[in-house]
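One structure is given below, encoded as structure tokens.
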Amino acid sequence: MPPRSKEKISNQEWVTSVCYMCFNACGIKVQRQDGTVIGIDGHPDFPNSLGKLCAKGKAGVMGLYNPDRVTVPLKRTNPEKGIGIDPKWVEISWDEALDTITEKLGKIREEDPRKLLTCNMDFPIIPQHHAFAAAFGTVNVGWNGAGFFCGNGYHPLMYLTHGTFYQEPDIDYCNYLILMGSQVGFMTHTNSVRMASRMAEARERGMKVVVVDPICATAASKANEWIPIRPGTDAAFALGMLNVLLNELGIYDAEFLRKYTNAPYLVGPDGLYLRDKETNKPLVWDNKNQTLATYDQAQPEQLAVEGEFSVAGVKGVPGFEKLREHVRNYPLEKVSDITSIPAETIRRLAQEYGEAARIGAKIIIDGQELPHRPAAVDYSRGSIAHKHGMLIGMAIQLLNIVIGAVGVPGGQLGLNAVAPTWKPKEGPDGFLVAPEQVMAGLRPYPANEVRAPESMELREIIPLATYGRPLLLISALDPEKFKLPYQLEAMIHCRTNILMTQGNPEATAKVIRRIPFILSFAIELDEATEFADIVLPDTHYLERLDPFPNHPCCWIEAGSDEWYWEFRQPVVNPPGQARSSIEVLMEVADRLGFLGDFNMMINHYLFLKEPYRLDPDKKYTWEEMAEVWIKSMLGPEYGLEWFKQHGVMKFKRKVEEKYPRPFLKPRIHLYFEYFQRAGQAVKELTTNMDIPWDTSDYQPLPDWKPCPAHEDGKGGNGLYAVNFKLPFHTFSYTAGNPWLSDLSDRHPYATKVLISSQAAEARGIKDGDIIRVESSAGKVKGEARVSQCIHPEVIGIGGVFGHWADGMPVAKGKGTHFNALLPVDMTRIDPVSTALDACVRVEVFKES
738 MPPRSKEKIS
748 NQEWVTSVCY
758 MCFNACGIKV
768 QRQDGTVIGI
778 DGHPDFPNSL
788 GKLCAKGKAG
798 VMGLYNPDRV
808 TVPLKRTNPE
818 KGIGIDPKWV
828 EISWDEALDT
838 ITEKLGKIRE
848 EDPRKLLTCN
858 MDFPIIPQHH
868 AFAAAFGTVN
878 VGWNGAGFFC
888 GNGYHPLMYL
898 THGTFYQEPD
908 IDYCNYLILM
918 GSQVGFMTHT
928 NSVRMASRMA
938 EARERGMKVV
948 VVDPICATAA
958 SKANEWIPIR
968 PGTDAAFALG
978 MLNVLLNELG
988 IYDAEFLRKY
998 TNAPYLVGPD
1008 GLYLRDKETN
1018 KPLVWDNKNQ
1028 TLATYDQAQP
1038 EQLAVEGEFS
1048 VAGVKGVPGF
1058 EKLREHVRNY
1068 PLEKVSDITS
1078 IPAETIRRLA
1088 QEYGEAARIG
1098 AKIIIDGQEL
1108 PHRPAAVDYS
1118 RGSIAHKHGM
1128 LIGMAIQLLN
1138 IVIGAVGVPG
1148 GQLGLNAVAP
1158 TWKPKEGPDG
1168 FLVAPEQVMA
1178 GLRPYPANEV
1188 RAPESMELRE
1198 IIPLATYGRP
1208 LLLISALDPE
1218 KFKLPYQLEA
1228 MIHCRTNILM
1238 TQGNPEATAK
1248 VIRRIPFILS
1258 FAIELDEATE
1268 FADIVLPDTH
1278 YLERLDPFPN
1288 HPCCWIEAGS
1298 DEWYWEFRQP
1308 VVNPPGQARS
1318 SIEVLMEVAD
1328 RLGFLGDFNM
1338 MINHYLFLKE
1348 PYRLDPDKKY
1358 TWEEMAEVWI
1368 KSMLGPEYGL
1378 EWFKQHGVMK
1388 FKRKVEEKYP
1398 RPFLKPRIHL
1408 YFEYFQRAGQ
1418 AVKELTTNMD
1428 IPWDTSDYQP
1438 LPDWKPCPAH
1448 EDGKGGNGLY
1458 AVNFKLPFHT
1468 FSYTAGNPWL
1478 SDLSDRHPYA
1488 TKVLISSQAA
1498 EARGIKDGDI
1508 IRVESSAGKV
1518 KGEARVSQCI
1528 HPEVIGIGGV
1538 FGHWADGMPV
1548 AKGKGTHFNA
1558 LLPVDMTRID
1568 PVSTALDACV
1578 RVEVFKES
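For the sequence shown, our numbering gives the first residue as 738, with consecutive numbering after it.
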């Protein structure tokens, strides 16, 4: 065990803190000598790291001592803004910076607070940034690149299935795991270090891993089987598997479906539930008593999930019957043509998966008998970052639902939907509603109210989406088209490189160059800060205080034995004049006269309880705010000093918190009837307001629909370009780290363009050649890596490389910027989930 915080070893000392080289919040012990960090290790007392640390975590020290760090406030002197245009920075004082900020923001707040856009991906302090925005009065909150691709077709389904933001497979008890566009357990997903350890243990005991992905990247290269799939066809694959399971093999968990889903709810010819006239509750058929009943009247085991029944002369069938008939539209020959996967392979995988589920099996854990479903399908960005992302997510998640592998040992687990102080509630029609404590973004059920647009993300007409980040690139250029009565006039930007991570940078630049005033908090001058008017020096994670950096919605791994609350403390002082963005925003709120409103919003966003709620008439320091946050969450015996000494607070997790489904009454959706009703509301409003809007994907059961890349390729010879993750990079901000950059240089394909040997030969391309990749939106160059480990119709570009900012000299010009190839327009945005399609048809040429 390492020495406790600040215990001296000779002339050295160790400080306990938390890594922030990605969002997984691994516990670290930092070696400090004479006020200088000389090394970082994993901390064995933290359940998520257990003394281990990845390459990114070890390299954190290089960002701390980056010679190109911003250490003083800067002001733009060049009024022209654009990609590659020098802002001509000059140093200014903090007083001048704050005077300018309060003058600009004060005027906007008086005129129309909605003209302010906050743009933030600093995860541990997002609640505080949101509190500032709410107190200011703007509805344009939290714009960032992650919302373009990350979980648009994922997070809503997680809320509906588990009541939380993420899911993870229960690797400890799973025997058969299918990964679709996901690399969980292979260092590129949530809780990466701990999940990698658990994955290794599971593989050692014999768990089979099948990866369905266009690219044989890290996970596929270590799997039992890699199944190359044509990009954008994951929904067809899942629906084909469902057809085999339900209609050929008859494998499904009828007990689970009757008790925990709406499989028995009767659906009429119009696709809506048949309802009781007096209570308006959905009707079911009671097999035992041969009668109609409301869903909550009869015992679950008595409910019909098959057949056809009549209600006042109207025919109705159970939701499960609707699903089973629906997937007959996906015979394997058709699915094979769509996906390029042989029909016999899909049939074999479905059979293996169904048999591995062990329908009816039980297991004893902590003295409790629970269902054991040791099979799961995990999916992520690779599958759902497409035009029809919500339908894709629905199709894949149904594979877990029909075998009952939800919230039980061996299946898919929601991250921390049930805790000692919160759990999902029962909402309308008996369905599960996510607890507020794990919310990140909008809750998809009940559907959010459809009303006239007010936000630039058009959240008011996307009632099922968690967020609508890509839509801002459309609406901000033509607000009148969407009946928005204002234009953006200011932006506060923090820890998100929106030029690199949001699709085509020209599209982003076109929007933000029109915003008259931009304030950026920055550690380095990247592509996004080049558009700022004032840049303020932010603190590095080894210089900052963050209570609870492991937010429960994401960063306490599912099925773990312990709850744990971490604490990030400063290890060294910040250089120059760097200050925390929260401290600055608190001062701005005070100067503008809404500090009291800010305190009240903090009470709301941090769920502060008496006697720890902030006084609206008092001015707090960040340390004081952190102190009451800790005590409100954990009790009066805890606080800053306790956490400075111990670093993490842990306690045992109960079995009903680890595997909550058998202990929860609310049902989950198998048939998404309310999607149809939400779509009808959207169509009615947009039609009446003359807002052009596609509502065709608001359907209760999923279909495969070709994404734009499939339409673009009709009759052509182009390839599909896709992006993939690397285990030693996070978004765009690690590309400039010297150690990680060197690792990328030594890696066989990290910064190269992967192309199949077949496609390369047809184009006269050899390994190491410089190639040009062109789409309808842009063109990039890169070094070819010819490989058999990629679908023959695909090229693959890893990470977020291709920086051009002078403030990132290590990253500048290295690798290829995939997002430059992506068009941004409504034809490529899913109007239900708002996913921007991250697959595009390209032509590839060898450079002469």
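Backbone N, C-alpha and C fix where the C-beta goes; we use that ideal spot for every residue, glycine too.
Exercise for the section: State whether the segment 1014–1032 contacts the segment 935–948, with contact taken as three or more CB pairs (one from each stretch) at a distance under 8 angstroms. Expected result: Taking 8 angstroms as the limit for Cβ pairs, the verdict is that the segment 935–948 does not touch the segment 1014–1032.
Handout entry: First and last residue of the uninterrupted beta strand (DSSP E) at Glu1280
Key = Boundaries for Glu1280: no beta strand (DSSP E) harbours it, and the DSSP string shows neither H nor E there.
Problem - Contact check, Ala883 vs Leu1477, beta carbons under 8 angstroms - result: no
Practice task
Would you tell me roughly how many angstroms separate the C-alpha atoms of Met738 and Asn785, rounded to the nearest one?
Solution key: Note that Met738 scores 32 on pLDDT, short of 50, meaning its location in the model is unreliable and no value can be drawn from it.
Handout entry: Counted within 10 angstroms of its Cβ, other Cβ atoms place Lys844 as buried (16 or more) or exposed
Key = exposed
Exercise for the section: Starting from the C-beta of Gly1097, find all residues in its chain whose C-beta is less than 7 angstroms away, skip the five residues before and the five after it, and write them out in chain order. Expected result: none
Practice task
Let me know if Ser1073 comes out buried or exposed under the rule of 16 or more other beta-carbons within 10 Å of its beta-carbon.
Solution key: buried
Exercise for the section: Please check the pair Gly821 and Asn1241, which I expect to be a contact at CB under 8 angstroms, by giving their CB distance rounded to whole angstroms. Expected result: Approximately 15 angstroms separates the beta-carbon atoms of Gly821 and Asn1241; this is outside 8 angstroms, ruling out the contact.
Exercise for the section: Please confirm whether Gln1525 and Phe1344 have their CB atoms less than 8 angstroms apart. Expected result: no
Practice task
Within the same chain, show all residues whose beta-carbon is closer than 6 angstroms to that of Ala956, passing over the 5 residues directly before and after it, in chain order.
Solution key: Annotation for Ala956: Leu916, Gln920, Phe923 and Val948 place their beta carbon closer than 6 angstroms to its own, counting only its chain and skipping 5 residues before and after.
Practice task
Count the C-beta pairs between the segment 1194–1204 and the segment 1493–1511 that are closer than 8 angstroms, then say yes if the count reaches three, no if not.
Solution key: no
Problem - Cβ-based neighbour list, Thr998, same chain, cut-off 6 angstroms, excluding 5 preceding and 5 following - result: Arg1404, Ile1405 and Leu1407
Handout entry: Cut-off 6 angstroms between Cβ atoms - residues of its own chain near Val1510, not counting five sequence neighbours on either side
Key = Val1517, Val1579 and Val1581
Exercise for the section: Indicate whether His899 and Ala1154 have their beta-carbon atoms separated by less than 8 angstroms. Expected result: yes
Practice task
Would you kindly report the start and end of the unbroken beta strand (DSSP E) that includes Glu750?
Solution key: Gln749 to Val755
Handout entry: Range covered by the alpha helix (DSSP H) that runs through Thr1432
Key = Where Thr1432 is concerned, there is no enclosing alpha helix (DSSP H), given that its DSSP letter is neither H nor E.
Exercise for the section: Tell me where the alpha helix (DSSP H) around Thr955 begins and ends. Expected result: Thr955 to Lys959
Handout entry: Arg1108 - partner residues in DSSP beta bridges
Key = Note on residue identity: the sequence assigns Pro, not Arg, to residue 1108. The partner list for Pro1108 (beta bridge, DSSP) reads Lys1099.
Handout entry: Check whether Val1139 and Leu979 have beta carbons under 8 angstroms apart
Key = yes
Handout entry: Within 8 angstroms, strictly: CB atoms of Ala1472 and Tyr1457
Key = no
Exercise for the section: Flag this pair as touching only if the segment 1422–1431 and the segment 1037–1054 have three or more C-beta atom pairs under 8 angstroms; answer yes or no. Expected result: Too few Cβ pairs lie closer than 8 angstroms, so no.
Exercise for the section: Kindly indicate which three-state DSSP category Tyr1342 falls into: helix, strand or coil? Expected result: helix
Handout entry: Among Ser1317, Asn803 and Arg1305, the one whose alpha carbon lies nearest that of Asp1275
Key = Shortest Cα-Cα distance from Asp1275 to any of Ser1317, Asn803 and Arg1305 involves Ser1317.
Practice task
Following the continuous beta strand (DSSP E) through Thr1158, name the residue where it begins and the one where it ends.
Solution key: Here Thr1158 belongs to no beta strand (DSSP E), and DSSP marks it neither H nor E.
Problem - Other residues of its chain near Ser830: CB distance less than 8 angstroms, five sequence neighbours each side excluded - result: Pro810
Problem - Own chain residues within Cβ distance below 8 angstroms of Glu1519, not counting five before or after - result: The question names Glu, but residue 1519 is Gly in the sequence shown. Once the five neighbours on either side are set aside, the close Cβ partners of Gly1519 are Thr1488, Lys1489, Val1490, Ile1507, Ile1508, Val1510, Ile1534, Gly1552 and Thr1553.
Handout entry: Close-in-space but distant-in-sequence residues of the same chain around Lys1247 (CB under 7 angstroms, 5 per side omitted)
Key = So the qualifying residues of the chain are Leu1214.
Handout entry: Test item: CB-CB of Asn889 and Thr855 under 8 angstroms
Key = no
Handout entry: Assigned exposure category for Arg1483 - 16 Cβ within 10 Å defines buried
Key = exposed
Handout entry: Contacts around Thr808, its chain only, beta-carbon distance under 7 angstroms, and the 5 residues preceding and following it disregarded
Key = Once the five neighbours on either side are set aside, the close Cβ partners of Thr808 are Pro1274, Pro1312, Gly1313, Gln1314 and Ala1315.
Exercise for the section: Reducing DSSP to helix, strand and coil, say where Phe1046 ends up. Expected result: strand
Exercise for the section: Check whether the Cβ atoms of Leu1559 and Ala1548 lie closer than 8 angstroms to each other. Expected result: no
Handout entry: Spatially closest choice to Ile777 from Leu787, Phe760, Ala762 and Trp751, by CA coordinates
Key = Trp751
Problem - Opening and closing residue of the beta strand (DSSP E) in which Met1228 lies - result: Ala1227 to Cys1231
Practice task
For my contact list, Pro1397 and Gly1144 are in at a C-beta cut-off of 8 angstroms; report their separation, rounded to the angstrom.
Solution key: 5 angstroms
Exercise for the section: Taking only the alpha-carbon atoms, compute the straight-line gap between Val1531 and Tyr1090 and give it to the nearest angstrom. Expected result: 27 angstroms
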